[in-house]
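**Q** Residues 5 to 132 in my numbering are what the sequence shown lists, from first letter to last.
Glycine included, every Cβ here is placed at the ideal spot set by N, Cα and C.
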Amino acid sequence: ILAEIELFYLLPHQRRWQTWFPEVIHYYANVDKTRIEIERLIKECELDNKEFTEMREKLLEQLQFKYNPIGNEVILEKVKSNDVKLDKLEKLEEKLEKLDKLEKLEEKLGKLEKLEEKLEKLLEIHAK
5 ILAEIELFYL LPHQRRWQTW FPEVIHYYAN VDKTRIEIER LIKECELDNK
55 EFTEMREKLL EQLQFKYNPI GNEVILEKVK SNDVKLDKLE KLEEKLEKLD
105 KLEKLEEKLG KLEKLEEKLE KLLEIHAK
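1. With H, G and I counted as helix, E and B as strand and the rest as coil, what does DSSP make of Thr-23?
2. In angstroms with no decimal places, state the Cα-to-Cα distance between Ile-129 and Glu-121.
3. If you follow the alpha helix (DSSP H) that Glu-55 is in, where does it begin and where does it stop?
4. By alpha-carbon positions, which one of Leu-67, Met-59, Gln-66, Glu-111 ends up nearest to Val-28?
5. What number of angstroms, rounded off, separates the C-alpha of Lys-62 from the C-alpha of Ala-7?
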C-alpha cells in the first residue's frame, strides 16, 4: 500500500520525505493473535516461502516459537513422492485389470476354438 501511495499519489519531491516514508516502520502487534496467525501459516504451508527469512527467524525467536522449515520441506517432498507413487500404482492397477480382462477373453477364445473344432467334426460326420 505504501509503495502504491508513493508511486501514484505523490509528487517526486514528496516521495523523498523521510518523515513520511522512513526506512524502517515499526508495528505493534498482539502476541496471542500473532501466534495464532503463525500457526495458521504453518498449517497451510505458507510460512515456508523464501521471502523475509531473517525477519521470520527473528520473529519466531522473539515469540519463542519452535519451527523447523527444513523438516516441513522434507515432509512435503515425501508427500509429493508418495503422491507420485500412488499415481503409478493406480495406473498399474488399471493395467492389471485390463490384463485380467484379456485373460478372460483368451479363455473364451480357447473355448470358442474347441467348439468350432467340434462343430466341424459334427459337420463332417453329418455330411457322410
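**A** On the basis of the coordinates in this document:
1. Translated into positions along the sequence shown, residue 23 becomes position 19. Coil at Thr-23, not helix or strand.
2. Translated into the one-based positions of the sequence shown, residue 129 becomes position 125. Translated into the one-based positions of the sequence shown, residue 121 becomes position 117. Their Cα atoms are separated by approximately 12 Å.
3. Mapped onto the sequence shown, residue 55 falls at position 51. Premise fails: Glu-55 is in no alpha helix (DSSP H) and is neither H nor E.
4. Taking the first residue of the sequence shown as 1, we reach residue 28 at position 24. Per the Cα distances, Met-59.
5. By 1-based counting over the sequence shown, the position of residue 62 is 58. By 1-based counting over the sequence shown, the position of residue 7 is 3. Cα-Cα distance, rounded: 24 Å.
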